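Below: one structure, written as structure tokens.
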Amino acid sequence: MDIHQGFLLTRQARDSRSGPQIELWLSTPQGPAQVLIEGQKPVFFVPTATIELVHSAAKEAGLAIAVNDVEMTSFDGQTLAAVYSNSIAAARQLNDKLISLDVLVLEADIKLADRFLMERFIQGSLAVAGKGVVVNSGLPNQFLRITDAKCKAHDYQPDLNVVSLDIECSEKGVLYSIGLDSPKDSRVIMIGEPQACETPTQWVSDEKSLLLALNDWFQAFDPDVVVGWSVIDFDFKLLNKRAEFNNVVLSLGRNSQKIYFRTLPSSQQSFITMPGRVVLDGIDTLKTATYNFRSWSLESVSRELLGEGKAIHNVHDRMDEINSMFRRDKPSLAKYNLQDCVLVNRIFDHTHLLQFAIERTKLTGVELDRVGGSVAAFTNLYLPRLHRAHYAAPNLHPENWVASPGGYVMDSIPGLYDSVLVLDFKSLYPSIIRSFLIDPMGLIEGLKQEIGKNKDQAVAGFRGGQFHRTQHFLPNLIQDLWKARDVAKINNEKAFSQAIKIIMNSFYGVLGSSGCRFFDTRLASSITMRGHEIMKTTKKLIEAQATR
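In our numbering, the protein residues as written are -1 to 546.
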């Protein structure tokens, strides 16, 4: 078997005739690779005291399962068994049935592909051994299909092929043109009669032909990453809508796989799945990297970062000018359309956004296009370590959420002062986690001990929290990230350093969030209230040695 190194672009799991199948798409030195993994079964955990009820529920539903004894316990001390299903659909059905019977089911929400990767500590980069066959040999969209795959963690730095996409349309959402800018090809696909145009333009007869031409472009130039500005919530949302109207399947994924688009009714946030390709929105990725701007319009951000804006005369009345250009001056519209694509590419280059996203994935294992993702990052890092300590993770319990105190704000005394002392507590909350051993499993183990200063005694926290001195993971994760950031600073690796800083600082927010399965007010309070103590103690020490 050949061994291939690569970087993970997309992951999916689905039921097939032979059972669950995991599909990974990688960027490798030899080009794209599709990795197909068989033999992995969905699993969740139940108390051993409920095994008979689990078997009965599965039999009643006509579901074949396997229940295995495992040396694992829940956070509340119940011994657990692992329940394996023959399909993803069956696992969901059984989970719903057991919940209706008030059976505790743990980790049923962990997706099959995510579990496969995290349990192998695969964080973006991996090595794959398996049987390789070249598909579409000799064509632009050629790729390697690897079956009977065995995967392990690896260190590989990808060189990703990026295209910037932007659409132009009428106020009613009817498409005019699609701009595409990449190192391989830059062009505008425009509806209209062929005419002389300074901008590379492909002319098509109607909207349906425009969408089909987009499909063809993706297969011909085969990008790894698609970037844009509101590219999911606007561009792809409209492309998907117009494709449905024109009875066109948007087969923009690798190997001409169709895209999957969905919008959450609650928030109207949209998501796109494009097998083998990653879609990164410029606004969301900048926010994840902690950038902030007075306005998030492409015109405003590009002016602030690049000193250059859109190729249009009146940015405040764009719609009228776009409509006018489409009717009377399509070469100008093509120039405007492509310029928007170029601006987005330049913003990504200027801010090293793609490199930031890659480093974040290599540090945490979250998907390259994951927006926010602090809870997912924490779960990826913590769960496999927790399992090796023979614990299963708790479920979400947002109804039990109790707020923890926020950061300490010292009362100010108005006036003018000749001497002002400014103190910068470097990464205060990560420092507290590391120094006072704040950790979910450490809390469970620490509660079994007396509080004290000896090795076999727990470190005191707040609101009833106390932490084991050796049985923990988070303090060590912080320590490793801290060292890696120091090295990144020395090597002037700004994207890497920023990614590490954001991840370290997110750990407190995760532990204090009702959206995290490990939330416990004793964890979050032991961080913030320790911060209060440090601030107040520092104030007393300074005031004891100095006068105002």
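Using N, Cα and C, we set each Cβ at its ideal position, and we do this for glycine too.
All figures in this text were calculated on a predicted structure; none of them were measured in a lab.
| Where serine 293 and glutamate 541 are concerned, what is the direct C-alpha to C-alpha distance, given to the nearest angstrom? | 43 Å
| field | One or two residues paired with aspartate 164 in a DSSP bridge | value | Per DSSP, Gly177.
| Exposure of histidine 470, with buried meaning 16 or more beta-carbon neighbours within 10 Å | buried
| message | Three or more C-beta pairs under 8 Å: does that hold for the stretch 203 to 211 against the stretch 341 to 352? | response | no
| said: Just to check my reading of the structure: asparagine 335 and aspartate 164 have Cβ atoms closer than 8 Å, yes? What is that Cβ distance to the nearest angstrom? | reply: The distance from the Cβ of asparagine 335 to that of aspartate 164 is about 6 Å, consistent with a contact at the 8 Å cut-off.
| Helix, strand or coil at lysine 109 according to DSSP, with G and I counted as helix | coil
| said: Does glutamine 121 pass the burial test, meaning 16 or more other C-beta atoms within 10 Å, or should it be called exposed? | reply: buried
| query | Should aspartate 279 and glycine 363 be called a contact, given that it needs their Cβ atoms to be closer than 8 Å? | reply | no
| leucine 252 by DSSP, collapsed to three states: which one? | Per the sequence presented here, residue 252 reads as arginine, with leucine not at that position. Here arginine 252 sits in helix by DSSP.
| If you draw a straight line from the alpha carbon of leucine 421 to that of isoleucine 532, how long is it in whole angstroms? | 12 Å
| histidine 2 by DSSP, collapsed to three states: which one? | strand
| So, helix, strand or coil for proline 428, using DSSP? | helix
| query | Among Val186, Arg461, Asp220 and Leu236, which one has its Cα closest to the Cα of lysine 170? | reply | Leu236
| task | Kindly indicate which residue of Met439, His385, Arg301 and Ala544 has the alpha-carbon position closest to the one of serine 417. | result | Residue Ala544 is the option with its Cα nearest to serine 417.
| said: Suppose contacts are defined by Cβ-Cβ distances below 8 Å. Is isoleucine 411 in contact with arginine 528 by that definition? | reply: No, the pair does not count as a contact, with Cβ atoms beyond the cut-off.
| query | If you compare alpha carbons, which of Phe460, Gly462, Leu394 and Lys424 is closest to aspartate 107? | reply | Leu394
| message | What does the Cβ neighbour count give for alanine 62, buried or exposed, with the cut at 16 atoms within 10 Å? | response | exposed
| query | From threonine 77 to leucine 262, what distance separates their C-alpha atoms? | reply | Between threonine 77 and leucine 262, the alpha-carbon positions lie close to 37 Å from each other.
| said: My parser needs the beta strand (DSSP E) runs of 3 or more residues fully inside the stretch 333 to 410; what are they? | reply: none
| Quick one: any contact between the stretch 154 to 161 and the stretch 214 to 230, if contact means 3 or more CB pairs under 8 Å? | yes
| said: Less than 8 Å between the C-beta atoms of cysteine 195 and proline 329, yes or no? | reply: yes
| request: Using the Cα positions of threonine 519 and isoleucine 436, report the straight-line distance between them to the nearest angstrom. | output: 12 Å
| request: Sort Phe434, His348 and Glu491 by Cα distance to histidine 466 and report the nearest one. | output: Histidine 466 has its Cα closest to that of Phe434, out of Phe434, His348 and Glu491.
| Alpha-carbon to alpha-carbon, glutamine 447 and phenylalanine 141 | 56 Å
| message | Pairs of beta-carbons, one from the stretch 447 to 466 and one from the stretch 478 to 493, closer than 8 Å: are there three or more? | response | no
| Quick one: is valine 131 near chain C, going by C-beta distance under 8 Å? | Within the model displayed, chain C is absent; a lone protein chain is all it includes.
| Assumed close pair glutamine 38, isoleucine 20 - CB separation to whole angstroms, cut-off 8 Å | Yes, they are in contact, since the Cβ atoms of glutamine 38 and isoleucine 20 sit about 6 Å apart, within 8 Å.
| field | Contacts around alanine 355, its chain only, beta-carbon distance under 7 Å, and the 5 residues preceding and following it disregarded | value | Excluding sequence neighbours, alanine 355 sits near Leu278, Thr283 and Leu366.
| query | Of the choices Asp454, Asn238 and Val101, whose alpha-carbon is the least far from that of leucine 260? | reply | According to the sequence as given, residue 260 is arginine; it is not leucine. Checking every option, the nearest Cα to that of arginine 260 belongs to Asn238.
| Reference leucine 248; option with closest CA among Val407, Gln217 and Ser268 | Gln217
| query | Based on the DSSP secondary-structure assignment, which residues constitute the bridge partners of arginine 260? | reply | Paired residues: Phe269.
| So is aspartate 454 buried or exposed if we call it buried at 16+ other beta carbons inside 10 Å? | With fewer than 16 Cβ atoms within 10 Å of its Cβ, aspartate 454 is classed as exposed.
| task | Within its chain, find whatever has a CB closer than 7 Å to the CB of valine 103; leave out the 5 residues flanking it on each side and keep chain order. | result | Non-local C-beta neighbours of valine 103 in its own chain, meaning closer than 7 Å and more than five positions away in sequence, comprise Phe42, Val44, Asn93, Leu96 and Ile97, ordered along the chain.
| request: Quick one: grab the DSSP three-state call for tryptophan 201. | output: strand
| said: According to DSSP, simplified to helix, strand and coil, what is asparagine 490? | reply: DSSP places asparagine 490 in coil when its eight states are reduced to three.
| request: Would you mind stating whether valine 299 and isoleucine 230 have Cβ atoms separated by less than 8 Å? | output: Against a cut-off of 8 Å, the Cβ pair of isoleucine 230 and valine 299 comes out as no contact.
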